[in-house]
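> Same order as they appear, the protein sequences are chains A and B.
Letter 32 of the first sequence, counting from 1, is numbered 32 in this note's numbering, and no numbers are missing.
Add 1000 to a position in the second sequence, counting from 1, and you land on the number used in this note's numbering.
Starting off with a structure, shown below.
2 protein chains.
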Amino acid sequence: MTTTQTADHSDVRATNLAAVLSYLRANAPCSRAAIAAGTGLNKATVTSLVGDLIDRRLVRETQQTQNHVGRPATLLVLDGSAFAAIGLDVSARGLTVAAFDSAGGQLLRWHRAAPAADAAPAKMVAAIAALARRAVTTVRNSGRQVLGLTVGIPGLVSTDGSVVVAAGLGWHDVRLKADLIQALGNPPYPVMVDNDGNLGALAEHRYGPHAGAEDLIHLTGDTGIGAGVICDGRPLRGHLGYVGEVGHIQVIPGGPVCGCGRRGCLEAVAGIPAILDRVSPIGDEPDPDMEARLHELVRRAEADDPDVTKVLQEVGSHLGQGIAVLVNVLNPGLVVLGGSYATLAPWLAGPIDKELRERSIAPDAGGCLVTASTFGPDATAIGAVARSLDRLDAGRLPTL
Amino acid sequence: MTTTQTADHSDVRATNLAAVLSYLRANAPCSRAAIAAGTGLNKATVTSLVGDLIDRRLVRETQQTQNHVGRPATLLVLDGSAFAAIGLDVSARGLTVAAFDSAGGQLLRWHRAAPAADAAPAKMVAAIAALARRAVTTVRNSGRQVLGLTVGIPGLVSTDGSVVVAAGLGWHDVRLKADLIQALGNPPYPVMVDNDGNLGALAEHRYGPHAGAEDLIHLTGDTGIGAGVICDGRPLRGHLGYVGEVGHIQVIPGGPVCGCGRRGCLEAVAGIPAILDRVSPIGDEPDPDMEARLHELVRRAEADDPDVTKVLQEVGSHLGQGIAVLVNVLNPGLVVLGGSYATLAPWLAGPIDKELRERSIAPDAGGCLVTASTFGPDATAIGAVARSLDRLDAGRLPTL
Chain A
1 MTTTQTADHS DVRATNLAAV LSYLRANAPC SRAAIAAGTG LNKATVTSLV
51 GDLIDRRLVR ETQQTQNHVG RPATLLVLDG SAFAAIGLDV SARGLTVAAF
101 DSAGGQLLRW HRAAPAADAA PAKMVAAIAA LARRAVTTVR NSGRQVLGLT
151 VGIPGLVSTD GSVVVAAGLG WHDVRLKADL IQALGNPPYP VMVDNDGNLG
201 ALAEHRYGPH AGAEDLIHLT GDTGIGAGVI CDGRPLRGHL GYVGEVGHIQ
251 VIPGGPVCGC GRRGCLEAVA GIPAILDRVS PIGDEPDPDM EARLHELVRR
301 AEADDPDVTK VLQEVGSHLG QGIAVLVNVL NPGLVVLGGS YATLAPWLAG
351 PIDKELRERS IAPDAGGCLV TASTFGPDAT AIGAVARSLD RLDAGRLPTL
Chain B
1001 MTTTQTADHS DVRATNLAAV LSYLRANAPC SRAAIAAGTG LNKATVTSLV
1051 GDLIDRRLVR ETQQTQNHVG RPATLLVLDG SAFAAIGLDV SARGLTVAAF
1101 DSAGGQLLRW HRAAPAADAA PAKMVAAIAA LARRAVTTVR NSGRQVLGLT
1151 VGIPGLVSTD GSVVVAAGLG WHDVRLKADL IQALGNPPYP VMVDNDGNLG
1201 ALAEHRYGPH AGAEDLIHLT GDTGIGAGVI CDGRPLRGHL GYVGEVGHIQ
1251 VIPGGPVCGC GRRGCLEAVA GIPAILDRVS PIGDEPDPDM EARLHELVRR
1301 AEADDPDVTK VLQEVGSHLG QGIAVLVNVL NPGLVVLGGS YATLAPWLAG
1351 PIDKELRERS IAPDAGGCLV TASTFGPDAT AIGAVARSLD RLDAGRLPTL
C-alpha cells in the first residue's frame, strides 16, 4: 500500500505560483486584477505571488497600459531575461538543439549532422555533449541561468535516464544521463533524458495549435515509430517509463523483417526509413542524407507518381491500423502526426482516417481528430525545452 | 488553453483528511502519534483532522491498547457504522450487488439471474433499479447512509453515464444513469455508471493482493473483453471515457466474425463466450447458464481433455497477443486476469507469457507480471463499491 501524500501550505503556494505563471503565459500582458479574476485567487494573494515572481525575475512590470478606458493599470509580462531551458534531439536525421528563455523567446536553434550511423555510442555521446556545451555557453553569455537540459532519444529510456534500446541508433544499454552529467562536469542544472515521442507530445501540449488538449497522442516515425501520450491532462510514463512503444505492434503477420528481429511490425512497414527503402532503394551503400531522399519522395508524390502514391496509400492504411489500436486503448481526442509524417500527411491522412473509422469500436473513432504537427523536424527539441519549462510552470521555481 | 487550477486551504485540509483516512485504512488500529509519524503531518494537525473524522463518524476511538510497553495510548479505527457504498455489476452472467460499510466491512452480496439475453434494455434497467432499491433499503435499515451507487457495464460508457454500446447485452445508447436516477426517485446519493474493466482495476488497486500498484491493468472477458487501466497511480478515462477497449483489436486478419461485425477481433477469438462456443457448442438454443458450461469446461481441462486444452492453449496465445499490445502501449507493472479468465488462468498463463515476452519490445516485458484475480466473479461489484469509497478517501467527505 502506498502512503497517500499530504499537503502543506508551501504546496498551496507552489500550486498558486504555477497558476499565475500559466495564466500569464497564456494571457500576458495583463493586470494583477485580471490574474485574480482569471485564476479565482484573491487580489492580495495575487499581489504577494506576483511579488515573489518579480523577485525571481520570472515576471516583470511593463509601462504598457491596457486600453484607454478608466485608470491605467501597470501590466505584467513574463520576464525571459534571467532563465532559459535547453532541449536537444538525437535522431537518424542528426542532432538538433534549441534554447528558449523562460518567457518563451527562442535564443538559438542549431542543426548538426550526426556521426555516421555505425559510430559507437560513445562517439555520439561526445557529439551530444559538445553541442550541449556550446548551447550552455551561448545561454550563459546572454546573461541567463540554465533551467535544465533535456535530451530526446528515439528509443526506450528508463526512469534513470539510461537508453535501454534505440534500434534506429544501434544503441543498447547506454547510460546517457550519467555519461552526459560526467561529460558536462556535474552541471548545476538538471539533465534529463526522455523518449522523443513523449517530448513531441509535450511540444504539442504546450505550443501546438491544440495546446492544452487533455488527451493527445503525438506519433513520430523518423527513426523508430514512437508515440507520446497525454491522457486526462498528464503525460503518461508507465511502470518503467516505456509508455507509447507502438512501433513493434504486429500489423502484417509474417510481413517484412523488422530491425527488432520480429516480422510485420508497424515500424517495418510504415516507419520513414521503411518507406524510403521501398520508394527509393539505395542499394548497399547507406545514404546518410535522409532529408534529400524525403525531399525527392515528396516531389514525386506531388507529381502524382503512381509508384509513390500507391506506397503512401498502403503506408497510410498500416498507420491507420496502428493508430486504431491507440484509439481503442487510450481514447485520445487528438492524434498528431509528427516528424516526417507531418510532411507526408497530405497523402497519409485519407487512408489513416478510413482505417481508423473502420477499426475503432467507439462511434466516430471516440471523437478523435487526426492532424499534422506544425513543428516540422524540431518537435522533439522544442518538447525537450518544454519539459524544463513545465517544471517551472508546476511551481518548481529556480533560485537566483 | 485550459486554466491551471489554483489551491486554497480547504484543499490542503481535504488532502490531509484523505491522507489520514488512507493511513487508517492500511494500518488501523493505530494511535494519533503513529498517524503523525506515518503521514508526516504534525501532531496538532492530526488531532484536529481526527476530531473532524470522529465528528463525521468515519473514525472512532477504541479501548484497545497497543502492546504492553509504556503508557497505553487510545487507538483509532475506521468507523463503519454511519456510511456504506453500493456496487452493482451487470453482465451476461446476471446481476450482482454488493454493499460495504465505510470501514470496508461487507454488508451484503447478492446475485440474481439477468432477464433473458434478448430482453429489452428497459426491462433490464427495471431489474437493476429493483435490485438497487432493495440494497438501499437494506443499507438504510442497518442505520447507515448511502455514500453512492455505482453500476458496472460491459461496454462503452460515456462521461454522462450513458451506455453507448454494450454488444454482449445487445445495448445501444441506453441512458442508464438518467433512467436509474428517475427509477430511484432522484436519490440524495450520487449514482454513477462505469465500464466493468475500469471497476475491476479499482477493485485490484484497493483490495487486491497487489493493492496500491501504480501501473495496473485488469482484463476481463465474460461478456466483451475490456481492460481497466491504472497508469502512474491514476485510473485512466480518456477523451470520452473509453480507455481500455481492447476487445476489438484485430488478432487474426480475416478471422472469425465478431459481434461487432468485424473479423478476427480479440473478443471473437478469446472472449469467454467464444471459448465456450468452440469447446461446447450448444446448437441453436442459447443456453443462459454460462456458469454451468464454464464449470464443465474446467472439469474437462482438469481431466486433460485434449480438445479443451488445445483450445485454451490457442486462446492463451491470442490473449498474449492482446496483452502484448497493452504492454507495449501502456507499460504496466501488473496485468490481472479477471472474471472467468482467472478461473482459466492455469491453462492460459503459459501461452500468454510466451507471446508477451516475444512481442514486447521492452526487455522482460517491461517488468510486467501477469497474475490471476482473487476476486472471482465479484470483481466488478467490489470495484463499483471501491469507486464510491475512493471519493471518500480523496477527501470528499459526506455530511451527516
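Even glycine gets a Cβ: it sits at the ideal position worked out from N, Cα and C.
(1) Name, going along the chain, the residues of the region 40–53 of chain A whose beta-carbon falls closer than 7 Å to a beta-carbon of chain B.
(2) Counting contacts by CB-CB distance shorter than 9 Å, is Ala386(A) in contact with chain B?
(3) Please list, in chain order, all residues of the same chain as Ala1036(B) whose beta carbon is under 6 Å from its beta carbon, the five residues on each side excluded.
(4) Do the CB positions of Leu180(A) and Val191(A) come within less than 9 Å of each other?
(5) Among the residues of its own chain, which have a CB less than 6 Å from the CB of Arg206(A), if the five just before and after it don't count?
(6) Does DSSP put Ala1303(B) in a helix, in a strand, or in coil?
(7) Nearest CA to the CA of Val168(A): which residue from Gly94(A), Leu53(A), Val20(A)?
(8) Would you mind telling me which residues of chain B sit closer than 9 Å to Ala153(A), beta carbon to beta carbon, in chain order?
(9) Output the distance between the C-alpha atoms of Ile128(A) and Asp118(A), rounded to the nearest integer angstrom.
(10) Quick one, which of Gly264(A), Met290(A), Glu302(A) has its alpha-carbon nearest Val315(A)'s?
(11) My output table needs one value for Thr2(A): the three-state DSSP class, helix, strand or coil.
(12) Anything in chain B within Cβ reach of Asn328(A), meaning under 7 Å, just list it in chain order.
(13) In terms of residue numbering, what span does the alpha helix (DSSP H) encompassing Leu266(A) cover?
(14) Using a cut-off of 7 Å between C-beta atoms, extract the partners of Thr1006(B) located in chain A.
(15) Using a 10 Å radius around the Cβ and a threshold of 16 neighbouring Cβ atoms, would you call Val257(A) buried or exposed?
(16) His1218(B) touches chain A at which residues, Cβ-Cβ below 8 Å?
(17) Which residue comes first and which comes last in the alpha helix (DSSP H) that contains Ser1048(B)?
(18) Identify whether Glu61(A) lies in helix, strand or coil by the three-state DSSP scheme.
(19) Spatial neighbours of Leu1330(B) within its chain, please: CB distance less than 8 Å, with the 5 preceding and 5 following residues excluded, ordered by chain position.
(20) From Gly247(A) to Thr6(A), what distance separates their C-alpha atoms?
(21) Measure the Cβ-Cβ separation of Leu1076(B) and Leu1024(B) and say whether it is below 9 Å.
(22) Would you decide whether Gly80(A) is buried or exposed? Buried here means 16 or more other CB atoms lie within 10 Å of its CB.
(23) Taking the alpha carbon of Ala227(A) as the point to measure from, which residue in Ala84(A), Ala301(A), Arg60(A), Gly152(A) has its own alpha carbon closest?
(24) What is the rounded straight-line gap between the Cα of Val327(A) and the Cα of Gly1241(B)?
(25) Sorted by chain position, which residues of the same chain lie with C-beta nearer than 7 Å to Ser1158(B)'s C-beta, five sequence neighbours on each side aside?
(26) Based on the DSSP secondary-structure assignment, which residues constitute the bridge partners of Arg109(A)?
(27) Nearest CA to the CA of Asp1380(B): which residue from Pro1121(B), Thr1074(B), Ala1033(B), Gly1200(B)?
(28) If you run the structure through DSSP and keep just helix, strand and coil, what is Ser91(A)?
(29) Are there 16 or more other CB atoms within 10 angstroms of the CB of Glu245(A), so buried, or fewer, so exposed?
(30) Could you name the residues of chain B that Pro273(A) contacts, counting a contact when the two beta carbons are closer than 9 Å?
(31) Would Gly185(A) be called buried (16 or more neighbouring beta carbons within 10 Å of its own) or exposed?
(32) Beta carbon of Asp89(A), beta carbon of Asp353(A): below 9 Å?
(33) Thr1309(B) by DSSP, collapsed to three states: which one?
(34) Can you tell me the Cβ-Cβ gap for Leu58(A) and Leu397(A), rounded? I've got them flagged as a contact below 8 Å.
(35) Tell me, to the nearest whole angstrom, how far the beta carbon of Asn16(A) is from that of Leu41(A); I am working on the premise that it is less than 8 Å.
(36) Does the distance from the C-beta atom of Ile1086(B) to that of Val1125(B) stay below 9 Å?
So, from the listed chains and residues:
(1) Gly40, Leu41
(2) no
(3) Lys1043, Val1046
(4) yes
(5) Ala386
(6) coil
(7) Rather than Val, the amino acid found at residue 168(A) in this sequence is Gly. It is Gly94(A) whose Cα lies nearest to the Cα of Gly168(A).
(8) The question names Ala, yet the displayed sequence has Ile at residue 153(A). Those do not exist, as Ile153(A) stays about 14 Å from chain B at its closest Cβ, beyond 9 Å.
(9) 16 Å
(10) Gly264(A)
(11) Note on Thr2(A): pLDDT 42, under 50, position unreliable in the model; the coordinate value appears next. Three-state DSSP puts Thr2(A) in coil, outside helix and strand.
(12) Glu1245, Val1246, His1248, Ile1249
(13) 266–270
(14) Thr15, Asn16, Ala19, Thr39, Gly40, Leu41
(15) exposed
(16) In chain order: nothing, as chain A lies at least about 14 Å away.
(17) 1043–1055
(18) strand
(19) Asp1215, Ile1217, Val1229, Cys1231
(20) 39 Å
(21) yes
(22) buried
(23) Gly152(A)
(24) 12 Å
(25) Val1164, Leu1240, Gly1241
(26) Ala98(A)
(27) Before going on, a small fix: residue 1380(B) reads as Thr here, not Asp. Closest by alpha carbon: Gly1200(B).
(28) strand
(29) buried
(30) The premise fails here: Pro273(A) is roughly 17 Å from chain B at the closest Cβ pair, so nothing lies under 9 Å.
(31) exposed
(32) no
(33) helix
(34) 7 Å
(35) 6 Å
(36) no
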